[in-house]
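Chemist: First residue of the sequence shown? That's 3 in this note's numbering, and the numbers climb one at a time after it.
Positions of the beta carbon are idealized from the N, C-alpha and C atoms, including for glycine.
Computed from a prediction, not measured in an experiment: that's the story for all the values here.
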Amino acid sequence: MSDRGIVYVVTGEKFSRLALQSLEYLRAVEPVVTVSVVIESAQKELWDAHAETLDVEISELKNPEYRAIDKAKGLQQVNYERFIYLDADTVPIRPFADDMFRALDFCEVLALPGMALNYEWEKTDFSPALSQYNGGVVGFAGRAANDLPVQWEATYKEQDNPSYDQASLRATILREGYRVGSLPPAFNFRGTGSVREPRVLHFTGQTRKQDWYRSEKNRAKRIQYFATPGLSGRFAGFAKAYSIEDLDKKDGPGRYSWWLAGISRLVARRVQKTARSVLVTLRRLGGSRGRP
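1. Note down the Cα distance separating residue 186 from residue 4, rounded to an integer number of angstroms.
2. Would a C-beta distance cut-off of 8 Å place residue 166 and residue 90 closer than the cut-off?
3. Assuming contact is defined by CB atoms lying nearer than 8 Å, are residue 332 and residue 29 in contact in what I supplied?
4. Determine which residues share a DSSP beta bridge with residue 88 and list them.
5. Drop a sphere of 10 angstroms on the beta-carbon of residue 47, count the other beta-carbons inside from all chains shown, and report buried for 16 or more, exposed for fewer.
6. Give the straight-line distance between the Cα atoms of residue 99 and residue 128, rounded to the nearest whole angstrom.
7. Considering only C-alpha positions, which residue in the set 170, 210, 225 is nearest to residue 125?
8. For residue 258, which three-state DSSP category applies?
9. Pick out the complete beta strand (DSSP E) segments inside the segment 119-179, 3 residues or longer, and give them in chain order.
10. Could you spell out the range, first to last residue, of the alpha helix (DSSP H) harbouring residue 300?
11. Using 10 angstroms around the beta-carbon of residue 32, count the other beta-carbons present and answer buried if the total reaches 16, otherwise exposed.
12. Determine the extent of the alpha helix (DSSP H) in which residue 207 is found, giving its start and end residues.
13. For residue 301, tell me which candidate among 281, 25, 59, 72 has the shortest Cα-Cα distance.
14. Pull up the distance between the alpha-carbon of residue 193 and that of residue 12, whole angstroms please.
15. Under 8 Å Cβ to Cβ from residue 62, same chain only, skipping five residues before and after it: list those, please.
16. Say whether the segment 109-119 touches the segment 136-156, bearing in mind that this needs 3 or more beta-carbon pairs closer than 8 Å, one atom from each stretch.
17. Along the alpha helix (DSSP H) that carries residue 236, what are the first and last residues, could you check?
18. The alpha helix (DSSP H) spanning residue 47 covers which residue range?
19. Assign residue 173 to one of two classes, buried (16 or more other C-beta atoms within 10 Å of its C-beta) or exposed (fewer than that).
20. Measuring only the C-alpha atoms, how far is residue 282 from residue 275?
21. Please determine if the segment 174-182 and the segment 201-219 are in contact, where contact requires at least 3 C-beta pairs separated by less than 8 Å.
22. Classify residue 198 as buried or exposed, calling it buried when 16 or more other Cβ atoms lie within 10 Å of its own Cβ.
23. What number of angstroms, rounded off, separates the C-alpha of residue 160 from the C-alpha of residue 220?
24. Would you identify the three-state DSSP class for residue 108, choosing helix, strand or coil?
25. Using alpha carbons as the reference points, say which of 223, 191, 59 lies closest to residue 234.
26. Hey, residue 164 and residue 158: beta-carbon distance below 8 Å or not?
27. Can you tell me whether residue 279 is buried or exposed? The criterion is at least 16 other CB atoms within 10 Å of its CB, across all chains shown.
28. How long is the line joining the alpha carbons of residue 93 and residue 16, rounded to whole angstroms?
29. In whole angstroms, what separates the C-alpha of residue 49 from that of residue 37?
30. Please name the residue, chosen from 9, 201, 104, that lies closest to residue 78 on a Cα-to-Cα basis.
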């Protein structure tokens, strides 16, 4: 077993197929890194068919609960001194592992901050001024690689029917005093914000509901766009977001970019609706005045 590796924890056919897609992209940019995938037994046949091609080590998740906490349970089954966990809905498009492993020389946990809090107890038990971390791309090293997954599971189960695992991850980090490094958005780009040459795209649940994502062709085109060398800019929902200054430039996209045109259509519909309402009111007034 290598002293470092990348880990996926996957249950269900839907997320197994997402993880297989993620692994295909991963192997294109990280061909030699050791990869471990923890799966439920029901998906073993599917994974056995791809394990050799993708060069991954497969193990079965013990007692899956089919809840968010299966992630922490699966991480307890790997044996690395440091590792990077990836959600099934991530798409690596540039090399990222070496830089993340180097960053773990300076911290025990490496994750993207700035996530919204999910529960009131997160504010009262700690402070709303302390960030929550996204759990889709996370680096673990030292005692965090050994102890944090066990503590994370215990903290999760202390909550009353929790729906999210990020709240318990944050609570575990704060209670146990883990040293956390802030992962830049390029290493876990969720589609909105400023970024230059993103390394890992993260298509979260809301994004996966979009029509463009559901089209395999359009999704592949969008992924290829973000892999363009030198790509940088501001984005919203994996689409280019322009400032007014950019729109005004002669070589810019113009004021009738796709999103501004949409706003214009919405305003036009509302103006028409208001005009019709005014006409109806005037006709009623006119009719009432003509009566004796």
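Modeler: According to the structure shown:
1. Residue 186 and residue 4: Cα-Cα distance of roughly 26 Å.
2. Contact: no.
3. A query on residue 332 cannot be resolved here, the shown segment of the chain reaching from 3 to 294 and no further.
4. 139
5. exposed
6. 32 Å
7. 170
8. For residue 258, the pLDDT reaches just 46, beneath the cut-off of 50, and the residue's location in the model is therefore unreliable, although a value from the coordinates is still provided. Of the three classes helix, strand and coil, the one that applies to residue 258 here is coil, per DSSP.
9. 139-143
10. This structure gives no information on residue 300, because the portion of the chain shown stretches from 3 to 294.
11. buried
12. 207-210
13. This structure leaves residue 301 out entirely; the chain is present only between 3 and 294.
14. 23 Å
15. Excluding sequence neighbours, residue 62 sits near 40, 41, 42, 43, 46.
16. yes
17. Note, residue 236: premise wrong, no alpha helix (DSSP H); beta strand (DSSP E) at 234-238.
18. 46-56
19. buried
20. If you take the alpha carbons of residue 282 and residue 275, they lie about 11 Å apart.
21. no
22. exposed
23. 42 Å
24. coil
25. When only C-alpha atoms are compared, the closest one is 191.
26. Contact check for residue 164 against residue 158 passes: the beta carbons are separated by less than 8 Å.
27. Around the Cβ of residue 279, a 10 Å sphere holds fewer than 16 other Cβ atoms; the residue is exposed.
28. 15 Å
29. A direct Cα-to-Cα measurement between residue 49 and residue 37 gives close to 13 Å.
30. The option with the nearest alpha carbon to residue 78 is 9.
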